[in-house]
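Down below is the structure, laid out as structure tokens.
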DNA sequence: AAAACTCTCAACCGCGCACAG
DNA sequence: ACTGTGCGCGGTTGAGAGTTT
């Protein structure tokens with residue numbers, strides 16, 4: 151059956167917005183308010199997809215947007231929030247008035263990542279890099295990131311009703327401490343932050359065997375897979391599983 | 001001067017979730 | 001319980017600006 155398209159693509163403009171389109175959108179939203187994005191383009195006389203209108207408004211035309219460079223304080227706030235929330239750009243943006251998720255995401259990818267690498271910190275894990283060269287993450291870093299992000303932790307964020315601020319619960323102190331390179335918690339630096347977060351083990355599907363080994367239970371088989379071995383680090387310092395066989399997809403039931 | 005290369009960021013795309021019927 | 005619709009999110013792309021050769 152498939153999903154119905156969000157708009158009739160053959161009758162919509164794409165690419166950069168013109169001044170006239172911006173003005174139409176602004177004046178329509180000033181008159182009628184936000185919302186009902188699907189029907190907005192037609193009502194506003196725009197040959198645009200509703201999603202495109204929403205994005206243009208939220209990321210560029212909204213009057214409360216703070217344009218211009220990020221301050222040092224904003225930088226540090228983003229870094230701290232990212233260490234707690236990961237790539238949850240909308241949650242991060244919700245705590246930076248006047249900034250959009252898209253803006254923060256772009257800023258993260260173009261500036262902050264580099265900044266953290268310069269400090270010797272892995273931007274994904276917020277842990278010190280184990281580097282061969284000063285600024286580049288190694289395969290081991292990638293491995294650690296993969297294991298921690300995808301297998302080791304599952305971040306549970308309780309979703310709430312629309313339009314309400316997200317409710318996250320119970321910051322895991324252990325994680326926070328390990329991520330805080332200065333030893334100062336986010337609570338101390340940003341007491342006004344309400345970051346409720348809980349972290350738990352992932353459900354049944356995958357289980358950590360050792361730091362680099364995961365157990366994968368899928369509908370075909372149960373098997374152990376060593377990420378180190380798969381990346382060619384078997385029998386090295388990076389790999390402690392001492393079992394090349396684990397790198398294969400042999401069943402381990 | 002211009003070609004090649006790099007960087008930035010606005011915009012697009014596809015997916016998942018919530019909700020109404 | 002199921003299905004369709006709309007919205008919002010995160011990842012990715014690509015045009016254009018800036019820089020280097």
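In the numbering used here, the protein residues as written are 151 to 403.
By construction, the Cβ of each residue, glycine as well, lies at the ideal position given by its N, Cα and C atoms.
| Query | Result |
| --- | --- |
| Cβ neighbours of residue 225 in the same chain (closer than 6 Å, five flanking residues each side left out) | none |
| Element boundaries [alpha helix (DSSP H), containing residue 255] | 251-257 |
| Beta carbon of residue 231 nearer than 9 Å to that of residue 245 | yes |
| Assigned secondary structure, residue 191 (DSSP; H/G/I helix, E/B strand, else coil) | helix |
| Cα-Cα separation, residue 164 to residue 199 | 8 Å |
| Backbone CA spacing between residue 220 and residue 176 [nearest angstrom] | 25 Å |
| Cβ pair residue 203, residue 213 closer than 9 Å | no |
| Residues near residue 273 in its chain [Cβ-Cβ closer than 6 Å; skip 5 each side] | 263 and 266 |
| With 16 other Cβ atoms within 10 Å as the buried cut-off, status of residue 182 | exposed |
| Spatial distance of residue 211 from residue 172 (CA atoms) | 8 Å |
| Cβ shell of residue 178 (< 6 Å), same chain only, five flanking positions each side left out | 194 |
| Span separating the alpha-carbon of residue 243 from that of residue 255 | 9 Å |
| Where residue 170 falls, given that 16 or more other Cβ within 10 Å makes a residue buried | exposed |
| The alpha helix (DSSP H) enclosing residue 204, as first and last residue numbers | 200-206 |
| Burial state of residue 189, where buried means 16 or more other Cβ atoms lie within 10 Å | exposed |
| Residue 170 (DSSP reduced to helix, strand or coil) | helix |
| Cβ-Cβ distance between residue 228 and residue 276 below 9 Å | no |
| 7 Å Cβ shell around residue 292 - same chain, five flanking residues per side excluded | Only weak support is given to the placement of residue 292: the predicted model assigns it a pLDDT of 36, under 50, and the value that follows is read from those uncertain coordinates. None. |
| Own chain residues within Cβ distance below 6 Å of residue 260, not counting five before or after | none |
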